[in-house]
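Undergrad: Okay, handing you the structure first.
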Amino acid sequence: MSYNWYFQVVWDYRQVFIRGAAVTGELTIGALAIGLVLGLILGLLRSSRMRALRWPAALYIELFRSTPILVQLVWIYYALPILSGVQMGNLTSAAVGIGLYAAAYIAEIFRAGIQSIDRGQMDAAKSIGMRYGQAMRRIILPQAVRRMIPPLINEFATLVKLTTLGSVIAVNELLHEAENLINNTYRPLEVYTVLALTFAVLIFPFIYMSQRLERRWGGRS
Amino acid sequence: MRRALPMIRVCNLHKHFGGLHVLRNVSFEVARGEVLVIIGPSGSGKSTLLRCMNFLEEYDSGEIWFGDKLVGYRRANGGRMIRDGEASVSRVRTRMGMVFQNFNLFPHKTVLENVIEGPIIVKRETREAAVARAEALLAKVGLSDKRDVYPGVLSGGQQQRAAIARALAMQPEAMLFDEPTSALDPELVGEVLAVMRSLAADGMTMVIVTHEMAFARDVADRILVMDGGAIMELGTPDQIFNSPARERTAEFLRRVQH
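Top to bottom, those sequences are chains A and B.
Just so you know, the first sequence maps onto residues 773 to 993 in this note's numbering.
Just so you know, the second sequence maps onto residues 41 to 298 in this note's numbering.
What follows is the structure, encoded as structure tokens:
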């Protein structure tokens, strides 16, 4: 059994990958921004002492964790406009959909990080007259963030890969571009191979960075 | 002549943890400049009482006054007590320093940063003013050479002295100590007690929960003995140690001193 690899065709169409990677990057940044901001808010609500704050956050998190993201994306793109009259472009829809989904997981990372900090830290912060918000911002979160970096980078890597789901609502990210390319060149093996490597190249630096940070901060706590 | 207002006044304090009645009708006063030491068997409510005094722990009924400020609550129209706002609770906390059994220094900040954090963030002092006072305080507790290291590399005794400096940096009117030497190796206890002694000698109002009986005897103006969430006895060290009114007090002292 032999197959004649022909990577030249991929090289000829390298612009397609660059273009796709740019959209993947855009989608990642958009989804990440939504996921981090909403995730932080949900994580704080989730660790609140007040049930009225904790409950809605828990409901959101469980709802988004227990439904498939592909269904969420399609729902946001096709169903939401009918219900709300708000029609977002496909890139925005994908960023919002993936962002809302990631927020549920990021919220749990924040909550776990906050709860991993010794209760005495909050006591000490309060005892010098800090308010809850000041204590969170200056004392609890800076320590929690360091513990949250590895799971957050993990979540980030997952998020980059999830952007490929944008292809089902016609976002021109890497997978969608690659599939278009296959339709033109009939070279699926080469294109999918390079596509996989492209993701590896995009994601690896972040994993490396997280390991470096972990080592640098390791000695201080 | 009007009697001077006590620094701290606790009246008919009650607190429950679930079904557990941990503080039962506790009342006492601490005068300005007084050193009050609280002793008693573990589980008798000493730490909970201390934590109620700066509202790290809420209380169910009764009153705690710090100077002329009710701690944690305020009177609504008609005299009903309602929970005080966060700003007001934080403000009264700045008036008392607290030292914890486990130090609770901020591990992501250097010793100096720990000490200037409150003055800069809470009191909005300039960095120069805060650093100047922090350096004086670190000299006082014998940690001038440790100002730029992180708490993780310090011994327990050094950490607790840094924690005392952090509390003093807020220029509190009183200091609360929650078993400050209980987490220390025996050979490090002395250096922390020495710092506390010098504070007492400076006239600081102090409330100290401790198991160090010799220290209590030496430094306390009065000793409060807790048992089962209630005050068993309150008196001078001489009364408590040499002629306790209650047999249970005598029994407790025999147990801890041998």
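We put the CB at the ideal spot given by N, CA and C, even for glycine.
Using 8 angstroms as the limit for Cβ to Cβ distance, is M908 of chain A near chain B?
TA: No, M908 of chain A lies away from the interface with chain B (no Cβ there is under 8 angstroms from its Cβ).
Undergrad: Does P914 of chain A come within less than 8 angstroms of chain B when only Cβ atoms are used?
TA: Proximity of P914 of chain A to chain B, defined by a Cβ-Cβ separation below 8 angstroms, is satisfied.
Undergrad: CB-CB under 6 angstroms to R187 of chain B, same chain, minus the five flanking residues each way: which ones, in chain order?
TA: Take R187 of chain B, set aside five residues on each side of it, and the residues of its chain with a beta-carbon closer than 6 angstroms to its own are V151, L152 and L178, in chain order.
Undergrad: Express the C-alpha separation of S774 of chain A and G797 of chain A in angstroms, rounding to a whole number.
TA: 36 angstroms
Undergrad: Against chain C, does P220 of chain B count as a neighbour if the rule is that its beta carbon must be under 8 angstroms from one of theirs?
TA: Given the protein chain composition of this structure (A and B), no chain C is represented.
Undergrad: What runs of the alpha helix (DSSP H), each 4 residues or longer, lie entirely inside the region 166-228 of chain B?
TA: 167-180 and 196-208
Undergrad: Mind checking L845 of chain A: buried by the 16 CB within 10 Å criterion, or exposed?
TA: buried
Undergrad: According to DSSP, is H54 of chain B helix, strand or coil?
TA: Strand at H54 of chain B.
Undergrad: Name, in chain order, the residues that DSSP records as bridge partners for T245 of chain B.
TA: B:A214
Undergrad: Along the beta strand (DSSP E) that carries G857 of chain A, what are the first and last residues, could you check?
TA: No beta strand (DSSP E) contains G857 of chain A, which DSSP labels as neither H nor E.
Undergrad: Cβ of G158 of chain B less than 8 angstroms from any chain A Cβ?
TA: yes
Undergrad: Output the distance between the C-alpha atoms of S993 of chain A and A205 of chain B, rounded to the nearest integer angstrom.
TA: Because S993 of chain A carries a pLDDT of 46, less than 50, the predicted location of this residue cannot be relied on, and the following value inherits that uncertainty. Computed Cα separation, rounded: 21 angstroms.
Undergrad: Within 10 angstroms of the Cβ of V244 of chain B, are there 16 or more other Cβ atoms? Answer buried if so, exposed if not.
TA: It should be pointed out that residue 244 of chain B corresponds to Met in this sequence rather than to Val. M244 of chain B comes out buried.
Undergrad: Can you tell me where the beta strand (DSSP E) holding I941 of chain A begins and where it ends?
TA: Neither: I941 of chain A is in no beta strand (DSSP E) and is coded neither H nor E.
Undergrad: Roughly how many angstroms lie between the CA atoms of T221 of chain B and L825 of chain A, to the nearest whole one?
TA: 39 angstroms
Undergrad: Output the distance between the C-alpha atoms of I975 of chain A and L924 of chain A, rounded to the nearest integer angstrom.
TA: So the alpha carbons of these two residues sit roughly 13 angstroms apart.
Undergrad: Could you name the residues of chain B that S865 of chain A contacts, counting a contact when the two beta carbons are closer than 7 angstroms?
TA: Within chain B, no residue comes near S865 of chain A; the closest Cβ sits about 39 angstroms away, beyond 7 angstroms.
Undergrad: Examine the Cβ distances between the region 802-820 of chain A and the region 875-884 of chain A and report whether three or more of them are shorter than 8 angstroms.
TA: yes
Undergrad: Which whole-angstrom value describes the C-beta separation of T970 of chain A and L946 of chain A, a residue pair presumed to lie in contact below a C-beta threshold of 8 angstroms?
TA: 6 angstroms
Undergrad: Hey, would you say I870 of chain A sits closer than 8 angstroms to L967 of chain A, going by beta carbons?
TA: no
Undergrad: Quick check on DSSP: helix, strand or coil for K163 of chain B?
TA: In the three-state DSSP reduction, K163 of chain B falls in the coil class, being neither helix nor strand.
Undergrad: Using the three-state DSSP reduction, which class does Y850 of chain A fall into: helix, strand or coil?
TA: helix
Undergrad: Output the distance between the C-alpha atoms of G118 of chain B and Q887 of chain A, rounded to the nearest integer angstrom.
TA: 40 angstroms
Undergrad: Residues of the region 893-906 of chain A in Cβ contact with chain B at a cutoff of 7 angstroms, in chain order, please.
TA: Q893, D895, A896, K898, S899, I900, G901, M902, R903, Y904 and Q906
Undergrad: Excluding sequence positions up to five away, which residues of its chain have a Cβ less than 6 angstroms from the Cβ of S101 of chain B?
TA: H54
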